[in-house]
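As structure tokens, then:
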């Protein structure tokens with residue numbers, strides 16, 4: 176059985192992009208009669224996308240078969256008609272494919288553990304709030320004497336900057352949300368932004384900060400302010416790993432940055448983590 180390798184939302188977004196590209200291809204073909212290579216290049220790109228999108232390559236093969244054009248060397252008119260017919264077939268194929276994806280026929284039968292957006296936000300929030308619980312359990316607690324992982328080896332692992340924090344967070348989130356992506360660049364029209372961790376199917380973005388000895392509370396406030404304004408997301412988590420404890424009152428800091436979607440265009444949730452030592 177053919178299954179999706181991506182979330183339905185992302186798959187449909189990619190197909191919509193190919194449909195938009197096809198409309199441009201049709202215009203270019205009309206401007207350059209006889210240049211079939213434009214269409215063939217687009218078809219090849221679609222085939223590659225479909226091969227990556229599904230567990231089987233049969234859908235990509237069906238697409239090429241459905242949109243094949245037999246060139247009539249003796250009649251440009253006949254060839255043109257066949258190309259226009261192939262355009263229509265390509266459009267219908269992709270639209271039908273979208274409908275099938277939306278209906279869920281490419282999803283695994285075992286789907287009782289599906290997670291909706293509300294639950295996804297709760298899970299991400301708990302992972303962020305309990306980040307130090309993982310650090311303690313994985314790296315700081317004593318190891319079993321019969322284990323091959325030794326405490327001396329774990330003691331060598333230290334969080335040095337935000338890239339280390341990203342890596343650990345990503346490894347915690349990825350098994351629960353397999354479509355999670357790390358360091359994704361996006362064009363916001365006048366500039367490009369980089370999302371540290373993104374869950375596109377839920378519209379969730381996580382921006383990670385790790386304080387440095389040279390950083391001030393004002394500096395991190397300015398950085399978070401710029402990030403929260405530019406990032407496109409339904410729910411944006413600002414996660415601050417305050418390694419240097421430069422934030423004087425974490426709860427006040429969090430509350431100052433939290434925003435509701437009706438007021439800000441996105442849900443903005445700030446979480447500050449400081450190590451507790453005695």
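In the working numbering, the protein residues as written are 176 to 453. Cβ coordinates follow ideal geometry from the N, Cα and C atoms, glycine included.
Per DSSP, the bridge partner or partners of residue i
{"i": "residue 434", "result": "443"}
{"i": "residue 384", "result": "415"}
{"i": "residue 403", "result": "Answer is none; residue 403 lacks a bridge partner."}
{"i": "residue 360", "result": "369"}
{"i": "residue 374", "result": "379"}
{"i": "residue 448", "result": "416"}
{"i": "residue 229", "result": "179"}
{"i": "residue 410", "result": "379, 442"}
Outcome for residue i when other beta-carbon atoms lying within 10 angstroms are tallied against a minimum of 16
{"i": "residue 405", "result": "exposed"}
{"i": "residue 227", "result": "exposed"}
{"i": "residue 355", "result": "buried"}
{"i": "residue 341", "result": "buried"}
{"i": "residue 251", "result": "exposed"}
{"i": "residue 413", "result": "buried"}
{"i": "residue 200", "result": "buried"}
{"i": "residue 401", "result": "exposed"}
{"i": "residue 443", "result": "buried"}
{"i": "residue 193", "result": "buried"}
{"i": "residue 411", "result": "buried"}
{"i": "residue 249", "result": "exposed"}
{"i": "residue 205", "result": "exposed"}
{"i": "residue 435", "result": "exposed"}
{"i": "residue 394", "result": "exposed"}
{"i": "residue 272", "result": "buried"}
Among the options, the one whose alpha carbon lies nearest that of residue i
{"i": "residue 239", "options": "428, 265, 278", "result": "265"}
{"i": "residue 375", "options": "392, 335, 291", "result": "291"}
{"i": "residue 198", "options": "182, 261, 244, 180", "result": "261"}
{"i": "residue 191", "options": "225, 433, 401", "result": "225"}
{"i": "residue 407", "options": "400, 253, 370", "result": "370"}
{"i": "residue 182", "options": "350, 216, 367, 282", "result": "282"}
{"i": "residue 398", "options": "299, 188, 432, 214", "result": "432"}
{"i": "residue 307", "options": "393, 185, 418", "result": "418"}
{"i": "residue 297", "options": "212, 430, 348", "result": "348"}
{"i": "residue 339", "options": "310, 214, 299", "result": "310"}
{"i": "residue 382", "options": "300, 236, 185, 189", "result": "300"}
{"i": "residue 177", "options": "409, 440, 280, 207", "result": "280"}
{"i": "residue 184", "options": "220, 377, 196, 333", "result": "377"}
{"i": "residue 275", "options": "179, 403, 388, 430", "result": "179"}
{"i": "residue 425", "options": "403, 409, 448", "result": "448"}
{"i": "residue 396", "options": "409, 379, 430, 368", "result": "430"}
{"i": "residue 379", "options": "222, 332, 390, 293", "result": "293"}
{"i": "residue 334", "options": "343, 203, 327", "result": "343"}
Cutoff 7 Å; reference residue i; Cβ partners in own chain excluding five residues on either side
{"i": "residue 267", "result": "none"}
{"i": "residue 304", "result": "446"}
{"i": "residue 450", "result": "307"}
{"i": "residue 351", "result": "298"}
Neighbourhood of residue i by C-beta, 8 Å cutoff - its chain only, sequence neighbours within 5 removed
{"i": "residue 329", "result": "313, 314, 315, 318"}
{"i": "residue 218", "result": "238, 239, 242, 265"}
{"i": "residue 345", "result": "355, 357, 372"}
{"i": "residue 392", "result": "421, 422, 423, 428"}
Nearest-angstrom beta carbon gap, residue j and residue i [assumed within contact, 8 Å]
{"i": "residue 416", "j": "residue 385", "result": "5 Å"}
{"i": "residue 187", "j": "residue 277", "result": "7 Å"}
Beta-carbon contacts of residue i that lie in its chain and below 6 Å, excluding the five residues immediately before and after
{"i": "residue 244", "result": "257, 258, 261"}
{"i": "residue 247", "result": "253, 254"}
{"i": "residue 234", "result": "225"}
{"i": "residue 336", "result": "385"}
{"i": "residue 195", "result": "none"}
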